[in-house]
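> Provided herewith is a single structure, encoded as structure tokens, for subsequent inquiry.
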């Protein structure tokens with residue numbers, strides 16, 4: 204119990220510092236690109252797909268760390284390097300440099316994804332994991348709530364360059380704190396058996412349950428990514444939102460997330476992460492629906508409602524995905540399964556924003572959001588069928 208308490212304290216402290224980093228940077232990428240550099244829909248698509256590009260390589264990182272026992276280092280080192288990238292922000296003077304900075308950050312940051320899920324598994328016991336993760340994520344959200352409007356004011360007063368610079372320092376400190384967590388070696392599962400990388404890529408075809416899960420998640424996610432480059436356009440062009448207003452939207456989403464993390468953590472530990480995904484998918488259509496209404500009639504309240512739903516959904520997805528992978532994957536292949544999930548997220552994250560920007564040129568924001576609403580509702584239905592098939596198989 205002492206080990207869990209000590210680990211939990213360090214995880215909490217680390218998440219406070221990384222919350223400052225996230226609040227000072229990521230909510231403002233699209234708006235800064237549009238306002239400071241007159242970014243086109245194509246540029247905004249690159250920003251939206253940057254995380255997807257980073258995730259494309261995670262299947263390889265999962266393969267690399269499969270036989271390693273130093274998985275904590277594989278989380279800390281990439282995290283530190285990625286956050287250090289924003290120390291270079293004062294040198295940014297063009298949209299090209301701004302985009303390069305974001306891309307490099309995302310590519311390096313996602314190196315840690317496969318290792319992180321195994322580290323989390325080793326940090327907390329099964330019966331408490333989602334609950335403790337929920338508390339940590341709640342604290343992170345509260346930090347974001349406090350810092351985001353402050354960061355918005357700082358961007359308005361001293362500019363985004365130095366705001367990002369100071370945020371990076373907090374991010375680096377967070378990684379250093381996380382590195383102090385002690386894991387027992389027997390809690391880290393690794394395998395000494397060699398397998399070719401093509402064997403990792405064939406897992407979705409050999410494990411039909413996992414393949415079905417990936418296919419549903421892919422279809423659902425593509426629709427969401429279609430809308431991602433269009434959201435900043437609606438905010439800036441239709442609603443004329445200021446940096447402070449954008450910060451407030453992020454604050455609303457984070458506030459709801461903070462509450463939702465506690466609910467989802469308890470729900471997942473008590474029920475099932477797949478069933479949680481069914482509920483989340485079924486609710487998620489309201490996010491693009493709010494922006495669709497704001498496109499028709501530019502009322503700020505519609506976007507606020509979308510932010511509320513986004514907070515609920517993001518908290519649920521954050522906790523459900525990792526726990527679902529831990530449930531589906533064999534213990535020796537958790538990193539590989541998580542890496543494949545992340546890679547498929549990356550594929551749709553690259554395709555979706557560019558396809559969304561292209562569709563925007565032909566059917567406008569309302570058309571893109573309508574497609575997003577359709578795929579989200581369909582995703583909820585298919586995930587429900589998947590959950591029912593798993594439940595029937597287990598009984």
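Numbering (the working numbering), first residue to last: 204 to 598.
The C-beta atom is built at its ideal place from N, Cα and C for all residues, glycine as well.
Owing to the predicted nature of the structure, the values given are computational and were not obtained by experimental measurement.
#1: Would the stretch 431-445 and the stretch 580-594 be scored as touching if the rule is three or more Cβ pairs under 8 Å?
#2: Identify, in the order they occur along the chain, each residue of the same chain with its Cβ nearer than 6 Å to the Cβ of residue 278, setting aside the five sequence neighbours on each side.
#3: Where residue 500 and residue 427 are concerned, what is the direct C-alpha to C-alpha distance, given to the nearest angstrom?
#4: Please list the terminal residues of the continuous alpha helix (DSSP H) segment that includes residue 356.
#5: For residue 259, name the three-state secondary structure that DSSP assigns.
#6: Taking only runs that begin and end inside the stretch 240-314, name each unbroken alpha helix (DSSP H) of 4 or more residues, in chain order.
#7: Using a Cβ distance threshold of 8 Å, determine whether the stretch 238-253 contacts the stretch 264-282, with at least three qualifying pairs required.
#8: In chain order, which beta strand (DSSP E) runs of at least 3 residues are fully inside the stretch 434-486?
#9: Can you tell me whether residue 513 is buried or exposed, with buried defined as 16 or more other CB within 10 angstroms of its CB?
#10: Locate the alpha helix (DSSP H) running through residue 528, then write down its first and last residues.
#11: For the alpha helix (DSSP H) holding residue 404, just list the boundary residues, first then last.
#12: May I have the straight-line CA-CA distance separating residue 310 from residue 256, to the nearest angstrom?
#13: Below 8 Å, can you find three or more Cβ-Cβ pairs linking the stretch 360-378 to the stretch 215-234?
#14: Between 219, 240 and 339, which has its C-alpha nearest residue 518's C-alpha?
#15: Tell me which residues share the same chain as residue 488 and place their Cβ nearer than 7 Å to its Cβ, disregarding the 5 neighbours each side in the sequence.
#16: Using 10 angstroms around the beta-carbon of residue 351, count the other beta-carbons present and answer buried if the total reaches 16, otherwise exposed.
#17: Quick one: give me the first and last residue of the alpha helix (DSSP H) that residue 491 is part of.
#18: Can you tell me whether residue 550 is helix, strand or coil according to DSSP?
In short:
#1: no
#2: Locating residue 278 in the chain shown gives position 75, counting from the first residue. 315, 318, 319 and 322.
#3: The residue you call residue 500 lines up with position 297 of the chain shown. The residue you call residue 427 lines up with position 224 of the chain shown. The straight-line gap from Cα to Cα measures roughly 21 Å.
#4: Position 153 of the chain shown, counting from 1, holds the residue named residue 356. That run of the alpha helix (DSSP H) goes 332-361.
#5: Residue 259 sits at position 56 when you count from the first residue of the chain shown. The answer is coil: DSSP assigns residue 259 none of H, G, I, E or B.
#6: 244-258, 261-268, 274-287 and 298-312
#7: no
#8: none
#9: The residue given as residue 513 occupies position 310 in the chain shown. It counts as buried.
#10: Taking the first residue of the chain shown as 1, we reach residue 528 at position 325. Here the alpha helix (DSSP H) through residue 528 covers 503-531.
#11: For the purposes of this step, residue 404 is identified with residue 201 of the chain shown, where counting begins at 1. That run of the alpha helix (DSSP H) goes 400-404.
#12: Locating residue 310 in the chain shown gives position 107, where the first residue counts as 1. Locating residue 256 in the chain shown gives position 53, where the first residue counts as 1. If you take the alpha carbons of residue 310 and residue 256, they lie about 7 Å apart.
#13: yes
#14: Taking the chain shown and counting its residues from 1, the one referred to as residue 518 is at position 315. It is 339 whose Cα lies nearest to the Cα of residue 518.
#15: As a first step, residue 488 must be located in the chain shown, where it is residue number 285. If we look at residue 488 and ignore the five residues flanking it on each side, its Cβ neighbours are 576, 579 and 580.
#16: Taking the chain shown and counting its residues from 1, the one referred to as residue 351 is at position 148. Residue 351 comes out buried.
#17: Counted from its first residue, the chain shown places residue 491 at position 288. Note, residue 491: alpha helix (DSSP H), 489-499.
#18: One-based indexing of the chain shown puts residue 550 at position 347. Residue 550: helix per DSSP, three-state reduction.
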